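Inspection log for the structure reproduced underneath, given as structure tokens.
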Ligand SMILES: [Zn+2]
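Below, the structure is given as structure tokens:
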């Protein structure tokens, strides 16, 4: 059975520890969630019971995640904690439990399975595109619109049908 790796959103949602499985997270995520007093005692108890283990991912895995995130334009959306859980999932060939959109997206691009905490999950890989508000055009890369020079905004492009379809 694949290792289950928890990101910060798993802890915010309440901890999905109903199953007798072992979970992993990273020291950075542990730091990120320290302020959630409500769950903190439970998190420590799980570590003591060896149900939750903190592991630091290897540098080469972190590098790989950063490279992929930059390539698909999600790098600015990810915290160091986010990057660390994706890297750990890669290292353990595990599955990430997350409701974080950017984490899911980068993980999927790296071939990592993601499981939703609360939401139904993203059935299709969502691509981020860059959009010029002035020209109403999409671009694959760049910081400024090549036509008018406006700073491009990130926008999600869903491949599934939407109630508010965007015409190109
Ligand atoms: Zn423009």
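Residue numbers (this note's numbering): 1349 to 1516.
Ideal Cβ positions, reconstructed from N, Cα and C, are used throughout, including at glycine.
Because the structure is a prediction, the values reported are computed rather than measured.
Burial state of residue 1419, where buried means 16 or more other Cβ atoms lie within 10 Å:
That one is exposed.
Review point. Just reading off the alpha helix (DSSP H) that residue 1397 is part of, what are its end residues?
Key: Segment: none, residue 1397 is in no alpha helix (DSSP H) and carries neither H nor E.
| said: So, at 6 Å on beta carbons, what are the nonlocal neighbours of residue 1425 in its own chain, with the 5 sequence-adjacent residues on each side left out? | reply: So the list reads 1450, once near-sequence residues are dropped.
Identify every run of the alpha helix (DSSP H) within the segment 1417 to 1462, keeping only runs that are complete inside it and at least 4 residues long; order them along the chain.
Here the runs fully enclosed are 1428 to 1440 and 1449 to 1457.
Own chain, CB closer than 7 Å to residue 1438, minus 5 neighbours either side, in chain order: Within the same chain, Cβ atoms closer than 7 Å to the Cβ of residue 1438 are found at 1409, 1412, 1413, 1458 and 1460, the five residues on either side in sequence being excluded.
Just to confirm the assignment, what range does the alpha helix (DSSP H) spanning residue 1328 have? Any answer about residue 1328 is impossible in this case: the structure gives the chain only from 1349 up to 1516.
**Q.** Short Cβ contact (7 Å threshold) for residue 1357 with residue 1488
**A.** For residue 1357 and residue 1488, no; Cβs fall outside 7 Å.
* Is residue 1450 near ligand 1, in the sense that its beta carbon is under 6 Å from a heavy atom of that ligand? -> Incorrect: residue 1450 has no Cβ contact closer than 6 Å to ligand 1.
Review point. Who are residue 1300's beta bridge partners in DSSP?
Key: Residue 1300 cannot be examined here, being either before or after the span of the chain that is shown, 1349 to 1516.
For ligand 1, is there a heavy atom less than 6 Å away from the beta-carbon of residue 1499? No, since every heavy atom of ligand 1 falls outside the 6 Å radius drawn around the Cβ of residue 1499.
Suppose contacts are defined by Cβ-Cβ distances below 7 Å. Is residue 1372 in contact with residue 1401 by that definition? For the 7 Å CB-CB criterion, residue 1372 and residue 1401 form a contact.
message = Beta-carbon within less than 6 Å of residue 1469's beta-carbon, same chain only, minus the 5 sequence neighbours each way: which residues are those?
response = In this predicted model, residue 1469 has a pLDDT of only 40, less than 50, meaning its place in the structure is not dependable; the value taken from the coordinates is given anyway. Once the five neighbours on either side are set aside, residue 1469 has no close Cβ partner at all.
- request: Note down the Cα distance separating residue 1454 from residue 1395, rounded to an integer number of angstroms.
  value: Their Cα atoms are separated by approximately 27 Å.
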